[in-house]
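Novice:
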Amino acid sequence: MDKTEHKLPALAPKSAIPNSLNSLLQDLNDEQRLAVTRTDGPLLILAGAGSGKTRTITYKIAYLIGQGICRPENVLAVTFTNKAAEEMRGRVERLLETLESPPLVSTFHSFSVRVLRRHAGLLGYGSDFAICDEDDQKSLLKQVYDELKLQDNLVPIKRTRAVISRAKNQGCSPESYLEGSADPDAPIISSAFKVYQRRLKEANGMDFDDLILLTVQLLSEHDKVRERYASTYKYLLIDEYQDTNLPQFELVKHLASVHGNISAVGDEDQSIYRFRGADINNILRFERDFPGAVVVKLEQNYRSTQTILDAATGLVSHNLKRKGKKLWTAGGKGESIDVFPAESPEAEADFVSRSIYQFQKDSKDRIAVLYRTNFLSRQLEDALRRLQIAYRLLGGVSFYSRKEVKDALAYLRAVRNPNDDISLARIINEPARGIGKTTLDRLWEEARQKHHSLWQTIKEALTSQALPGRAHLALEKFVSLIEVSAPVLESPLDQALRGVLQASGYIQALEKQETEEANERLLNLEELVTAAAEHVQQGLGMTDFLDNAALYSDTDEYDQNASVLLMTLHNAKGLEFPVVFIIGCEEGLLPHSLSVEADDLEEERRLCYVGLTRAQKKIYLTFSKRKRFNRGDVYENSKPSRFLAELPQHLLRDLSARSFQPARAGSGIAPSKTYNTPDSVRHFLEKKKAAPGGFVKGALVQHNDFGRGRVLDVQESGEDLKITVQFPGIGIKKLLQRYAKLKLV
DNA sequence: TTCAGAAGGATTTTT
DNA sequence: TCCTTCTGAA
Numbered sequence: 165m166d167k168t169e170h171k172l173p174a175l176a177p178k179s180a181i182p183n184s185l186n187s188l189l190q191d192l193n194d195e196q197r198l199a200v201t202r203t204d205g206p207l208l209i210l211a212g213a214g215s216g217k218t219r220t221i222t223y224k225i226a227y228l229i230g231q232g233i234c235r236p237e238n239v240l241a242v243t244f245t246n247k248a249a250e251e252m253r254g255r256v257e258r259l260l261e262t263l264e265s266p267p268l269v270s271t272f273h274s275f276s277v278r279v280l281r282r283h284a285g286l287l288g289y290g291s292d293f294a295i296c297d298e299d300d301q302k303s304l305l306k307q308v309y310d311e312l313k314l315q316d317n318l319v320p321i322k323r324t325r326a327v328i329s330r331a332k333n334q335g336c337s338p339e340s341y342l343e344g345s346a347d348p349d350a351p352i353i354s355s356a357f358k359v360y361q362r363r364l365k366e367a368n369g370m371d372f373d374d375l376i377l378l379t380v381q382l383l384s385e386h387d388k389v390r391e392r393y394a395s396t397y398k399y400l401l402i403d404e405y406q407d408t409n410l411p412q413f414e415l416v417k418h419l420a421s422v423h424g425n426i427s428a429v430g431d432e433d434q435s436i437y438r439f440r441g442a443d444i445n446n447i448l449r450f451e452r453d454f455p456g457a458v459v460v461k462l463e464q465n466y467r468s469t470q471t472i473l474d475a476a477t478g479l480v481s482h483n484l485k486r487k488g489k490k491l492w493t494a495g496g497k498g499e500s501i502d503v504f505p506a507e508s509p510e511a512e513a514d515f516v517s518r519s520i521y522q523f524q525k526d527s528k529d530r531i532a533v534l535y536r537t538n539f540l541s542r543q544l545e546d547a548l549r550r551l552q553i554a555y556r557l558l559g560g561v562s563f564y565s566r567k568e569v570k571d572a573l574a575y576l577r578a579v580r581n582p583n584d585d586i587s588l589a590r591i592i593n594e595p596a597r598g599i600g601k602t603t604l605d606r607l608w609e610e611a612r613q614k615h616h617s618l619w620q621t622i623k624e625a626l627t628s629q630a631l632p633g634r635a636h637l638a639l640e641k642f643v644s645l646i647e648v649s650a651p652v653l654e655s656p657l658d659q660a661l662r663g664v665l666q667a668s669g670y671i672q673a674l675e676k677q678e679t680e681e682a683n684e685r686l687l688n689l690e691e692l693v694t695a696a697a698e699h700v701q702q703g704l705g706m707t708d709f710l711d712n713a714a715l716y717s718d719t720d721e722y723d724q725n726a727s728v729l730l731m732t733l734h735n736a737k738g739l740e741f742p743v744v745f746i747i748g749c750e751e752g753l754l755p756h757s758l759s760v761e762a763d764d765l766e767e768e769r770r771l772c773y774v775g776l777t778r779a780q781k782k783i784y785l786t787f788s789k790r791k792r793f794n795r796g797d798v799y800e801n802s803k804p805s806r807f808l809a810e811l812p813q814h815l816l817r818d819l820s821a822r823s824f825q826p827a828r829a830g831s832g833i834a835p836s837k838t839y840n841t842p843d844s845v846r847h848f849l850e851k852k853k854a855a856p857g858g859f860v861k862g863a864l865v866q867h868n869d870f871g872r873g874r875v876l877d878v879q880e881s882g883e884d885l886k887i888t889v890q891f892p893g894i895g896i897k898k899l900l901q902r903y904a905k906l907k908l909v
């Protein structure tokens, strides 16, 4: 790009600009500074991996506000994850020491919720609409299947859900989806889609896709609302623009329709969300969509060694659909990229965990292990535990998707709005209170015919005495439970939550079970109450609490302090680590077999590219020559990923000659490791007075490596205290119970 | 209506 | 291998 064409504005220091901002601008290279200081009209920042993307946006926000170009409330920055938003918010606040009000940094989804909470009425929704996650969608679809007399085995609900979501992300209605689809099941899916959408609206619910779609609908149908938002946000900044899908693009267009000051940052080589409708053409087409756009390319990489960059560029240059850019770094050549072909998946995990063990002996560098599919983490977790290496897993079952947590939240929703069918159905017989399948089927049938909510139907059935005595009584009790609980919501959120859980008998039912599992659930509920209390302290209400719970994702728990992180390649985007392992570099896994069939090879390649460019210093690529077939001990040969062959071969080093002794129990390989009680643990524990030394069962603790955990047991042994602490979220629940009991001595 | 035991199915990636 | 769903008995 010709730099002379756009002269850099002189950096006239005004008194309004904090000095720090001024000196920050001096730090930037010419392109970055241009990207930061150009404040008129559309701007596309094509940023390579590790080129300081986030930094550029953050500085830009600070620049706009610090220079007095606009007020904080006139800036809207959009990211894809809550985590990214949070981080950016923090950075902006640090840059601008004196800020009356913070600029809005938000994800597409949470921004949409914010707008919809205000204007849902215009679209025929109540403003207390519920946000449905995948589970809710599936249970709603189950009812749709009942209504349509569809068999699950004809078209699996899971598939229907995915197809509907995809259609919505492409902006399709049930009808337009049917027209455009070659799928033989399309007529069935389309009819389910139609009923699903109707029922969802009747239940005053929105799924994730609706959040965006309905916001777009709102802005396009209501000129006043659009103008209001579009003129409020004088400056619009969109991160990861290559991941926007059609509805998101339309949202952006609406928001930019008054001022047109949109800055989009993206990297077409990192577009990895096509499955959720992300359209790489959005970024390729930017200059056409926003005429007069200036394009800035950030090609200098500040993250990786030249070797890593060459490898990554070499790989992704096999893709045809890209604008092309040449990454370079002022840094050194760095180490070779090591490839380890393992004999078996176990050997692969063994290699990785031992290498990590070695690394940790002489450095504190953070290490990431990346993989294509979540289940690949398991064998590795086992291996890491054998060596007692602390790690943190992203993904899997998140706190807010646990059954008991979702039940508790459903109680809150149902009490607040009993006509919320989805929540009501979730808890009507949880704990079991004699409202069984037969009764519910009858009620649903009734509700369906009259187009009434489940709640209405129940009340009608009670007045008309239409049900057998036992069911009648059970329903009467349930109705009064919900009605009696309503005033409880007036009290502070944490108390309300506790009250509802008590009144419903949920807590008591768990307590009665006296199993380890029930106990864990109780502790989780306790943690939820704590979280609610924290929300209250931040001055947030119930709606915010529920929204956050719904939009919360595992990535958001990412903990800067853990030194070994396990996550999918998707989750790794936007992060960086000194050392990166990419495991499972096999045909069928990376690229994934389903993607090869669907001809999404380029996306898989980009995914691999994303993985490679996370690394600052060192990359290991591993694969197994054999893989275990579904069940049993049958092994099958597997081929190394074609991407390994596409990498520039001179950058690779084959480690197959290096062999490790196989791990044997009791051979002294597993080092005994003592964890000192971190200060934060003491801090937490000492607040509660009870048990020996102030340590108490069930207390929440914070550990540097594992994040938040809980004290399971406290025993005195001689002069020492033996405290058993459990850290949830580390692995699959069962494994967790077996292994993740960490002794803090 | 509920619980327990058995059989069968599953594995892409996420807000 | 593990988890979910189905089936039948109390």
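Our numbering puts the first residue of the first sequence at 165, with every later residue one more than the last. Ideal placement from N, C-alpha and C gives every residue a C-beta, glycine not left out. Owing to the predicted nature of the structure, the values given are computational and were not obtained by experimental measurement.
1) Is the number of C-beta pairs between the segment 368-385 and the segment 602-616 that are closer than 8 Å three or more?
2) Using the Cβ count rule (16 or more neighbours within 10 Å means buried), how would you classify SER128?
3) I'd like to check one pair, CYS234 with TYR399: are the Cβ atoms closer than 9 Å?
4) Starting from the C-beta of GLY796, find all residues in its chain whose C-beta is less than 8 Å away, skip the five residues before and the five after it, and write them out in chain order.
5) Let me know the secondary structure DSSP gives GLN813 once reduced to three states.
6) Tell me which residues share the same chain as PHE450 and place their Cβ nearer than 7 Å to its Cβ, disregarding the 5 neighbours each side in the sequence.
7) Would you mind sorting VAL664 into buried or exposed? The rule is 16 or more other CB atoms within 10 Å of its CB.
8) Out of ALA356, HIS283, SER329, which has the shortest C-alpha to C-alpha gap to ASP374?
9) Scan the segment 465-541 and note each continuous beta strand (DSSP E) run of 3 residues or more that stays entirely inside, going in chain order.
10) Please name the residue or residues paired with MET731 in a DSSP beta bridge.
11) So who's on the other strand from LEU189, going by DSSP bridges?
12) Using C-beta distances below 8 Å, list every residue in its chain close to ARG438, excluding the 5 sequence neighbours before and after it, in chain order.
13) Could you please give the first and the last residue of the uninterrupted beta strand (DSSP E) stretch that includes ILE746?
14) Please report the straight-line C-alpha distance between PHE807 and VAL760, rounded to a whole angstrom.
15) Between the Cα of ALA596 and the Cα atoms of ASN801, MET706, GLY669, GLN629, which residue gives the shortest distance?
16) Spatial neighbours of ARG782 within its chain, please: C-beta separation below 6 Å, excluding the five flanking residues on both sides.
17) From this set, SER727, ALA248, ASP310, LYS306, which residue's C-alpha is nearest LYS528's C-alpha?
18) With C-beta atoms as the reference, is LEU415 less than 9 Å away from VAL389?
19) Since SER265 and LEU462 should fall inside the 8 Å C-beta cutoff, what is the C-beta to C-beta distance between them, to a whole number of angstroms?
20) Could you work out which residue in PHE563, GLN406, ASP546 is closest to ARG486 when comparing CA atoms only?
21) If you run the structure through DSSP and keep just helix, strand and coil, what is GLY830?
22) How big is the Cα-Cα spacing for GLY430 and ARG452?
23) How long is the line joining the alpha carbons of VAL277 and ASP711, rounded to whole angstroms?
24) Could you check what DSSP says for GLY705 in three-state terms: helix, strand or coil?
25) What runs of the beta strand (DSSP E), each 3 residues or longer, lie entirely inside the segment 258-330?
26) Am I right that ILE553 and GLN524 are in contact with their C-beta atoms under 8 Å? What's the rounded C-beta distance?
27) So SER788 and ALA532 are supposed to be a Cβ contact under 8 Å. How far apart are they, rounded?
28) Suppose the cutoff is 6 Å on Cβ atoms and the five residues either side in sequence are ignored; what does the same chain contact list for LYS358 look like?
29) Out of LEU573, LEU188, ARG549, which one is the CA nearest neighbour of ASN688?
30) Straight-line CA distance for GLN412 to ARG662?
31) Grab the span of the beta strand (DSSP E) containing ASP371 for me, first residue to last.
32) Could you give the first and the last residue of the continuous beta strand (DSSP E) run that contains GLY430?
33) Under 8 Å: do the segment 481-495 and the segment 684-703 share three or more Cβ pairs, one atom per stretch?
34) State the Cα-Cα distance for the pair ARG258 and GLU740, rounded to the nearest angstrom.
35) Can you tell which of ASP571, LEU548, ASP299, VAL460 has its C-alpha closest to the C-alpha of ILE671?
36) Please classify ASP204 as buried or exposed, where buried requires at least 16 other C-beta atoms within 10 Å of its C-beta.
Specialist: Per the coordinate set shown:
1) no
2) No information on residue 128 is available, as it lies outside the stretch 165 to 909 that the chain covers here.
3) yes
4) Bear in mind that a pLDDT of 46 at GLY796, under 50, signals an unreliable position, so the model cannot answer this.
5) helix
6) LEU208, ALA428, ALA457
7) buried
8) SER329
9) 501-506, 531-535
10) LEU534
11) According to DSSP, LEU189 bridges with nothing at all.
12) ILE444, ASP764, GLU767
13) 741-746
14) 13 Å
15) GLY669
16) Position check: residue 782 holds Lys in this sequence, whereas Arg was assumed. Counting only Cβ-Cβ distances below 6 Å, and skipping sequence neighbours, we find GLU499, VAL743.
17) SER727
18) no
19) Incorrect: roughly 30 Å between the Cβ atoms, too far for contact.
20) GLN406
21) Any reading at GLY830 must be qualified, since the residue scores a pLDDT of 31, below 50, and its modelled position is unreliable; the value itself is stated next. DSSP places GLY830 in coil when its eight states are reduced to three.
22) 16 Å
23) 8 Å
24) coil
25) 268-271, 294-296
26) 7 Å
27) With 8 Å as the limit, SER788 and ALA532 do not qualify as a contact, their Cβ atoms being about 20 Å apart.
28) PRO338
29) LEU573
30) 38 Å
31) 369-371
32) 426-430
33) no
34) 21 Å
35) ASP571
36) exposed
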